[in-house]
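**Q** In case it helps, my numbering puts the sequence shown at residues 75 to 544. All C-beta atoms, glycine included, are put in the ideal place defined by N, C-alpha and C.
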Amino acid sequence: MLMKRVTVVGAGYVGLTTGAVLAYVGHRVTVVDLDQARVEGLKAGKVPFVEPYLEEIMGLSQGRLAFTFRYEEAIPEAEVVFVAVGTPPGPDGAPDLSQVRSAAQGIGQHLGSGFTVVVNKSTVPVGSGNYVEALVRRAYWEVYGEEPRSFAVASNPEFLREGQAVYDSLYPDRIVVGAEDRRALEVLRELYEPILEQSFPAPPFLPRPERMGAVPFITTDLASAELIKYGANAFLAMKISFINELAALAERVGADIREVARGIGLDSRIGPRFLQAGLGWGGSCFPKDTLALVAMGREYGVSMPLVEATREVNALQRQRVVEKLLSELKTLKGRTIALLGLAFKPHTDDLRESPALELAALLVERGAFVRAHDPVAIPRAQREVSLALEYAETPEALFRGADAVVLATDWPEYRMWPWEHLKGLLRTPLVVDARNHLDRDRLVAAGYRYLGIGVPSLGVLNKEGIPGTG
Ligand code: NAD
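(1) Taking buried to mean at least 16 other C-beta atoms within 10 Å of its own C-beta, is I344 buried or exposed?
(2) Under the criterion of a Cβ to heavy atom distance below 6 Å, does S428 qualify as lining the ligand ZN?
(3) For G252 and T293, what's the separation of their Cα atoms in angstroms?
(4) Would the C-beta of A177 count as close to the ligand NAD, meaning under 6 Å from any of its heavy atoms?
(5) According to DSSP, simplified to helix, strand and coil, what is D423?
(6) Answer yes if the stretch 205-222 comes into contact with the stretch 271-280, meaning at least three C-beta pairs across the two stretches below 8 Å, and no otherwise.
(7) Identify which residue in E220, S401 and L320 has its Cα closest to the Cα of V529.
(8) Assuming L413 is part of the beta strand (DSSP E), what are its boundary residues?
(9) Within its chain, find whatever has a CB closer than 7 Å to the CB of K497; leave out the 5 residues flanking it on each side and keep chain order.
(10) Tell me whether D242 counts as near the ligand NAD, meaning its Cβ is closer than 6 Å to at least one heavy atom of that ligand.
(11) Would you identify the three-state DSSP class for I181, choosing helix, strand or coil?
(12) Taking only three categories from DSSP, how would you classify V159?
(13) Can V444 and V450 be called in contact, C-beta distance under 7 Å?
(14) Only counting the same chain, and skipping five residues up and downstream in sequence, which positions put a Cβ closer than 7 Å to that of Q179?
(15) Which whole-angstrom value describes the C-beta separation of L399 and L406, a residue pair presumed to lie in contact below a C-beta threshold of 8 Å?
(16) Where do the ends of the alpha helix (DSSP H) carrying L90 lie?
(17) Given that a residue counts as buried once 16 or more other Cβ atoms are within 10 Å of its Cβ, and exposed if not, what is L413?
(18) Where does P486 land, buried or exposed, given buried means 16+ other C-beta within 10 angstroms?
(19) Considering only the beta carbon of each residue, do V106 and T161 sit closer than 7 Å?
(20) In its own chain, which residues sit with a C-beta less than 8 Å from the C-beta of G133, not counting the 5 before and 5 after it?
(21) Strictly by DSSP, which residues pair up with P169?
(22) Does the pairing of the stretch 504-516 with the stretch 347-363 give three or more beta-carbon distances under 8 Å?
(23) Tell me whether G262 is buried or exposed, calling it buried when 16 or more other Cβ atoms sit within 10 Å of its Cβ.
(24) Can you grab the Cα-Cα spacing for the pair G544 / I249, in whole Å?
(25) In whole angstroms, what is the alpha-carbon distance linking P163 and P420?
(26) Quick one, which of A308, F360 and P283 has its alpha-carbon nearest E427's?
(27) For the ligand NAD, I want to know if A111 counts as a neighbour, meaning its beta carbon is within less than 6 Å of at least one of the ligand's heavy atoms.
(28) Buried or exposed for W355, going by 16 or more other Cβ atoms inside 10 Å?
(29) Cutting at 6 Å between CB atoms, please list the residues of its own chain near S172, excluding the five before and the five after it.
(30) Determine which residues share a DSSP beta bridge with R102 and list them.
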């Protein structure tokens, strides 16, 4: 393997994971981030967010991973520079590219004399590769008064899932690279060789999956690579919205959406994943990427009705849970709702566009008190969430005096909670399992009224709010 000198701009979920994994497989990596406190923490081995195994893989990089907030220390010697900064949604739906712009300018101002590949890993609209190239070129010109001699821009969209970011980076389904310059494609093929050929020793905590073969390396043009990322995310979001739409019908006709999804998903043309009915999708990618795709369509005069409907169905899903609570409790004013989960999915403390928080906001709007639990995200929620929420660190504190329990994030540990024992703490033993995650039969046997998404409701509350048999 040819060791490369790599710089990653942006020490977020994507940048830090990419940097740590590339260092682990043998490259020399510098991660540059403008947030000095973050950089100081990283130098001391502190990961600034919850991501399983990231700290461990950083620990195994054996001195090949460095951190700085100075571009001048990170850029001139690099052969490959990844841009992995944030691209949050702007006011019109198109991504705000200000972080990308500032990163590209910083790179251009410090570009060295050797051939450098500048790689867009941030999710950016089609055409951003060209934009970044122009920004690098202009910034270089402003400093040196001449054209940069030797650099090329590539797009290398990222498909990792938060909560499984290290696993996904070590064992990806595919690696996509787009560039107009053949040398850039070759440099990136060499860079990814240990992952493409799976020639690195698997870390003990993340063994290589059985039947893991060589990883497909898709080389294409810049625009196609950029569109692949949006296409993949919009399709996954659409799959979830589709099953949620069907779940609403399943409830009306008395079908069980889990059975329906199994029957559909075993068709190999469809596949079983992302067919779980629930509260809908959220997080830092699907909402902004579907929005960006619609905005891109608008820019080019192409309507995107499927993507728009995917978003509408998703928004309805939060509302459906509110309606379920209303149908049982009649009013939400003054009710205390115990919310299981704050993060947008388990194994992360990322709260960006979390369905749990969107649901909490709807409940608060209706006059309810929302008391929330999350295994890891409470400290971050206390810092970042302005909504008036109460927080509970223990199941007992969460359940005491609550009128209903709503599961919003499918943390595995919620299945293990002592539901039988906790029931007595509730004013009404009502559970809305908005991820179809809990053991319904166990809860009903313990005397709960159970409502899921697209599944028959079980257990009946009598006038006093106590489940009976009728
Ligand atoms: P993030 O917000 O977690 O991290 C961005 C980092 O970049 C921050 O640490 C910030 O301080 C730093 N930064 C901002 N401007 C900078 C600059 N000019 N120079 C240096 N550092 C700078 O972002 P993220 O979640 O890692 O996402 C990064 C990109 O990857 C986005 O475009 C996102 O859409 C895409 N993506 C994210 C995921 C995911 O699961 N989070 C998955 C695939 C793709």
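**A** From the atom records:
(1) exposed
(2) By its list of ligands, the structure shown excludes the ligand ZN, since it contains just the ligand NAD.
(3) Rounded to the nearest angstrom, the two C-alpha atoms are 6 Å apart.
(4) yes
(5) D423 falls in the coil class under three-state DSSP.
(6) no
(7) L320
(8) T410 to L414
(9) P503, A520, G521 and Y522
(10) No, Cβ of D242 sits at least 6 Å from all heavy atoms of the ligand NAD.
(11) helix
(12) coil
(13) No, the pair does not count as a contact, with Cβ atoms beyond the cut-off.
(14) L209 and A213
(15) 6 Å
(16) Y87 to Y98
(17) buried
(18) exposed
(19) no
(20) Result list for G133: G119, in chain order.
(21) P163
(22) yes
(23) The question names Gly, yet the displayed sequence has Leu at residue 262. Buried is the call here.
(24) Model confidence at G544 stands at a pLDDT of 35, short of 50, so the residue's coordinates are unreliable and nothing is read from them.
(25) 23 Å
(26) F360
(27) no
(28) buried
(29) None.
(30) R79
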